[in-house]
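A quick write-up on the structure given underneath.
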Amino acid sequence: MKAGVEKKTTPLRSSLLPPAEQTEAAPQCMTSAGMWGRDIKSNDIATIPSILIQSSFALFHPEKLTIRMKNGAGISKYKPVDYERLQAIIDAKRLETDALREKNKKLQCEAKATKESGVLRQQRQVWCREYSRLKKAEFGGWCTDDHQRFLFTLSQYTRGIANSRELCMDMLQRLFPDRTRKQLLEHERVWDMWRYTHLQLKVVTQQWQRDYKELVNRALVTLEEAKHAHQEELKLQKDRKHQRDVCLQLRKKLQQWRAQQEEVATLEGIIAARQREREEARLKRDQEKEMEFRTEQREKIRQFHVKQRNRMYVVEQRERERLAHLRGVMEEQAREDRERVQFRADLFLKRWAAKQEQELLRQKEDEEIQNRLEALRIKVRVVAEGDPDRMMAHTEAWKSRHRHDECEVQRPLYPLNTYTDAQIMSDPRVRAEQSLWKAGLHHSQYAKKVLSTIHPPKPPRRDTKSTLKF
828 MKAGVEKKTT
838 PLRSSLLPPA
848 EQTEAAPQCM
858 TSAGMWGRDI
868 KSNDIATIPS
878 ILIQSSFALF
888 HPEKLTIRMK
898 NGAGISKYKP
908 VDYERLQAII
918 DAKRLETDAL
928 REKNKKLQCE
938 AKATKESGVL
948 RQQRQVWCRE
958 YSRLKKAEFG
968 GWCTDDHQRF
978 LFTLSQYTRG
988 IANSRELCMD
998 MLQRLFPDRT
1008 RKQLLEHERV
1018 WDMWRYTHLQ
1028 LKVVTQQWQR
1038 DYKELVNRAL
1048 VTLEEAKHAH
1058 QEELKLQKDR
1068 KHQRDVCLQL
1078 RKKLQQWRAQ
1088 QEEVATLEGI
1098 IAARQREREE
1108 ARLKRDQEKE
1118 MEFRTEQREK
1128 IRQFHVKQRN
1138 RMYVVEQRER
1148 ERLAHLRGVM
1158 EEQAREDRER
1168 VQFRADLFLK
1178 RWAAKQEQEL
1188 LRQKEDEEIQ
1198 NRLEALRIKV
1208 RVVAEGDPDR
1218 MMAHTEAWKS
1228 RHRHDECEVQ
1238 RPLYPLNTYT
1248 DAQIMSDPRV
1258 RAEQSLWKAG
1268 LHHSQYAKKV
1278 LSTIHPPKPP
1288 RRDTKSTLKF
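When the letters of the sequence shown are read in order and numbered with my numbering, they come out as residues 828 to 1297.
This is how it looks when you write it as structure tokens:
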């Protein structure tokens, strides 16, 4: 299929390309034709559309066609191209490529289904052949009922019973008269080995899961650190790029300012040179006036100087206006630069003042807390002299308990989130308990029965009750 495409496209391409490019296009055509001589595999189907498009559309490169149209499309060495025929060929090749791709997908699906069905059939045959043997060897050749009775008998005779081993063997020989003592001991040994193996397998599985979780956690921590480092690197690169852009803008402004300074210096030099020339011309004119004798020649010279003066005045006025404009632009730029620098300085001062104010507020809060703590320390500090009468007198705690007037409660150091006295006393259970306490009946059965019958003012939540009954 590709050979046919190359036979059609190669002459057309060689006719469209210049002689210098025809020599380069020939090896490429040979290489592509040789490549299509191999067998088409499943992995090569995906590359067919790109190769066809490259081989077909490479003939109509837009830039080369544009250049050729500009240079002249009617040159004799370029042949006319039938674009409709080429488009039809491209569409046909594209359809063939799609058909081959669909056919390859269908073959792959059929091969996969056939392979899976064969593997399942083989596995089913092996399982049917080995199922009976595995089922028989599950309990060491014993049936399920005998094995369960054997385990139940072993569980009845624990190590705490005297002569448990002899009693267990005697009971097993009674339950299984058709089996010898050696068979019973062998079955017990096999069962112990099976339990030990499963226990070791469980321990190994738990260790593997723990190690796997630790490995995953370390990997996640490593990835998080790498992500953080990458973000920091990106931020650093962004800052560096911003700094380079700022430096580039400043460099451009500096170059522009230097160019303006050079232009100003050049204009000032030109003006000074012209002033010197005018002075020299004036001296020369005075000498000529002294040498002139005729009125007509003097008048002509005067008119000539008047015209020259007017022309020089116009040129000088234009140059002065240009100089004034450049100076105004430079002054405006300098003013903007000063305003920008002043704005940055004011912004820095504002931020610094805000930070200082926050620091002062924090220090003031810390000092207030320390003062309150110091006041509490002074309040609870023991300051007493040796006084035997005071030692035998009533304590302040006893006086406070028997004092009717309540002392003023100071503001706590930190806020407390709890119930108020009114909320606690609104509960009828609390009031009933206080009444029983005053009557001295709070430890009696009567108090327990009364308190159990009193319901709270607000019923408890449903999720705090258990529906289980023991």
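Using N, Cα and C, we set each Cβ at its ideal position, and we do this for glycine too.
- If you draw a straight line from the Cα of R976 to the Cα of K1029, it comes to about 26 Å.
- With 16 or more other CB atoms across the displayed protein chains lying within 10 angstroms of its CB, L999 is buried.
- Taking all protein chains shown into account, K1265 has fewer than 16 neighbouring C-beta atoms within 10 Å of its C-beta and is therefore exposed.
- Taking the C-beta atoms as reference points, I1098 is found no nearer than 8 Å to E1148.
- Burial is judged here by how many other beta carbons sit within 10 angstroms of a residue's own beta carbon; C995 has at least 16 and is buried.
- In the three-state DSSP reduction, D1038 falls in the helix class (H, G or I).
- Here DSSP, grouped into helix, strand and coil, assigns I1097 to helix.
- H1025 places its beta carbon 8 Å or farther from that of W969.
- In this structure, L1243 and E1260 do not form a Cβ contact; the two beta carbons are roughly 24 Å apart against a cut-off of 8 Å.
- Residue state for K942 is assigned as helix, using DSSP reduced to three classes.
- By the criterion of a C-beta distance shorter than 8 Å, P1284 is surrounded in its chain by S1253, D1254, P1255, once the five residues flanking it on both sides are discounted.
- Secondary structure note for F1131: its alpha helix (DSSP H) is the uninterrupted segment 1122-1207.
- The C-beta separation of M1139 from R1105 comes to about 7 Å, placing the pair in contact by the 8 Å criterion.
- By the CB criterion at 8 Å, D973 and F1003 fall inside the cutoff.
- Counting along the chain, D1248 sits inside the alpha helix (DSSP H) bounded by residues 1248-1252.
- For the 8 Å CB-CB criterion, E1119 and I1128 form a contact.
- In this structure K920 is buried. Its beta-carbon is surrounded by 16 or more other beta-carbon atoms within 10 angstroms.
- Collapsing the DSSP output to three states places R1085 in a helix.
- Straight through space, the alpha carbons of Q949 and K942 are spaced by roughly 11 Å.
- Within the same chain, Cβ atoms closer than 7 Å to the Cβ of R1258 are found at M1252, the five residues on either side in sequence being excluded.
- According to the DSSP assignment, R1006 belongs to no alpha helix (DSSP H), since it is labelled neither H nor E.
- Shown here, L1243 sits in coil according to DSSP, grouped into three states, outside any helix or strand.
- Nearest in C-alpha terms to S982, of all of D1290, T1007, W1018, is W1018.
- Rounded to the nearest whole angstrom, the C-alpha separation of L927 and K933 is 10 Å.
- In this structure, V1091 lies away from L1174, with their beta-carbon atoms at least 8 Å apart.
- By the neighbour-count criterion, in which 16 or more other beta carbons inside 10 Å mark a residue as buried, T1122 falls on the exposed side.
- Shown here, A989 sits in coil according to DSSP, grouped into three states, outside any helix or strand.
- At the C-beta level, R1101 and E1143 come within 8 Å of one another.
- DSSP places K1285 in the coil class of the three-state scheme, outside both helix and strand.
- Counting along the chain, no alpha helix (DSSP H) covers S1271, and no H or E run does either.
- DSSP places H1221 in no alpha helix (DSSP H); its state is neither H nor E.
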